[in-house]
Structures are given as structure tokens and as C-alpha cells.
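Presented below is the structure to which this report refers.
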Amino acid sequence: MKRVLQIVAVIIAIAVLGVTADHLMTPNASDHAATQTTKKVSTKKPAVKKAAPVQINWRKPSESQPYPQWNQLKKPWIHVSVSQQRVFIMDGSKTVYTMYASTGINNSTPRGTFHIQEERGKFFYNAESKEGAKDWVSFKDHGTYLFHTVPTDQYGNFNVKEANTLGRTAHSHGCVRLAVPDAQWFYNNVTYGTKVVID
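Structure representation (C-alpha cells):
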């Protein structure tokens, strides 16, 4: 009887070991998934299409809406943003019109608070810089720093290459260049003493 029990115990042990061996030799589903080669996930960002550059026509007004009625503005002033290359016509804290601009190369446009001065004119030409402009209005040093059109030659012909930098990059000698109709409106409407903030 003792011999029989020993044989039965050996058979049970073999059976248990066989199951254990099979279990060790055949991984279950989760083990199998863990042993598979992990696929590399691409971390490359999808290409973002760059927006087409804004087409700026310096021969036309900067906005499609009409210019503001200057005499109807309650607290008019001018804000020039060098970083944005824009001139904002302000009424208190509200922007009523935005103009494309080109300020001075190498930060030559003065920063600070100024006021429109009495000097203004329809045309000037500087023989030293070989550059002129139309519809100019002084804001500092009585005829030195101006708002005016994109530049011209001595005969009043616009310099197209320079004009095409309007609204894109600082390219003047320190003045604030404007589109042709914007400068004309500025000349005809912005009054003496108006505050100008340039930053």
C-alpha cells in the first residue's frame, strides 16, 4: 500500500510539473504582448503650412473701410508700433484705423511721446540722402522727424523698391513712412498738437 501511495505521489508531481513547465514554455496573451517588439511612434510634428505674406499695396489705403472722421473723434491720438510696423489712429483706448508703416532702420525712429508740430508740406527732397516724399507732417525737431509717403526721387517719382518694404520692415532714415493715400489723409486731417506715442 505504501508503495502504491509513493507511485501516485510521483504521478501527481509529474502532472503538476508538466503543467508548470507548459505554463512557463507558453506565455499567456499578456506576456506575449509584452515580449513583442514595440513599434516606434513618430515624434515628428506634421509640417505646418506658412501663411502667405500679406500683400501690401502702398498705392492704396491700408484698410478697405473709410478713413475715420477726425473731427468726430473724442480723444484722437497716434500710436506708432515699431515692432509691428503699424500706425494706429486712436480714439481714447479704441483703434479706429490701422495703417501700414516703415519706421527707421537701426532703431533710428525716436521712442517716446511727441506732438504733431506746425511744420507740414506737400513735398520735400533731401539731396544728402537722395530721397524725398510727399504729404509730410512733422512730429519732432521741427521738420526732422516726419510722417510722410513712401519715398520718392527728386522729381516726385516713387521708389518702388523702397515702397515695397512698407509694413514689412523698418527701412527709413528715422521718419514714419505711410502708404500714399494714408499719408495724404494724415496730412489733411491730423491736427497740430495731436499726441504721438512711439514704442
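If you read the sequence shown in UniProt numbering, its first letter stands for residue 1, the second for the next number, and so on.
Where is the CB? At the ideal position from N, CA and C, for every residue including glycine.
Keep in mind that this is a model prediction, so the values were computed, not measured.
When the Cα atoms are used, what is the spatial distance from residue i to residue j?
| i | j | result |
| --- | --- | --- |
| Gly104 | Val176 | 7 Å |
| Ser138 | Tyr100 | 18 Å |
| Asn107 | Lys134 | 23 Å |
| Glu118 | His148 | 14 Å |
| Pro151 | Ser129 | 11 Å |
| Val180 | Trp58 | 6 Å |
| Ala183 | Gly143 | 16 Å |
| Phe158 | Pro66 | 24 Å |
| Met90 | Ala127 | 35 Å |
| Leu73 | Thr191 | 12 Å |
Can you tell me whether residue i is buried or exposed, with buried defined as 16 or more other CB within 10 angstroms of its CB?
| i | result |
| --- | --- |
| Gly167 | buried |
| Tyr187 | buried |
| Lys75 | exposed |
| Val160 | exposed |
| Lys60 | exposed |
| Gln85 | buried |
Which same chain residues end up closer than 8 Å to residue i when comparing Cβ atoms and leaving out the 5 residues on each side of it in sequence?
| i | result |
| --- | --- |
| Thr109 | Val80, Val82, Thr103, Tyr145, Ala170, Ser172, Gly174, Cys175, Val176, Ile198 |
Can you tell which of the options has its C-alpha closest to the C-alpha of residue i?
| i | options | result |
| --- | --- | --- |
| Gly112 | Trp58, Asn106, Ile78, Arg120 | Ile78 |
| Thr98 | Ser64, Lys74, Lys122, Glu128 | Ser64 |
| Phe88 | His142, Pro68, Gln154, Asn106 | Pro68 |
| Phe123 | Asn106, Gln55, Gly156, Lys94 | Gly156 |
| Val196 | Gly92, Ala163, Gly132 | Gly92 |
| Gln55 | Pro181, Asn164, Leu178, Gln184 | Asn164 |
Tell me which same chain residues have a C-beta within less than 7 Å of the C-beta of residue i, skipping the five on either side of it?
| i | result |
| --- | --- |
| Gly193 | His115, Ile116 |
| Gly121 | Trp136 |
| Gln154 | Tyr125, Gly132 |
| Lys140 | Pro110, Phe114 |
| Ser62 | Thr98, Met99, Tyr100, Ala179, Asp182 |
| Glu162 | Val150, Pro151, His171 |
Considering only residues of the same chain and omitting the five flanking positions on each side of residue i, which have a CB-CB separation below 6 Å?
| i | result |
| --- | --- |
| Trp70 | Asn189 |
| Thr95 | Phe88 |
| Trp185 | Tyr67 |
Beta strand (DSSP E) segments (min. 3 residues) lying fully within the segment 71–119 | 76–81, 86–91, 94–102, 112–115
Complete beta strand (DSSP E) runs within the segment 136–161 (minimum length 3 residues, chain order) = 145–149
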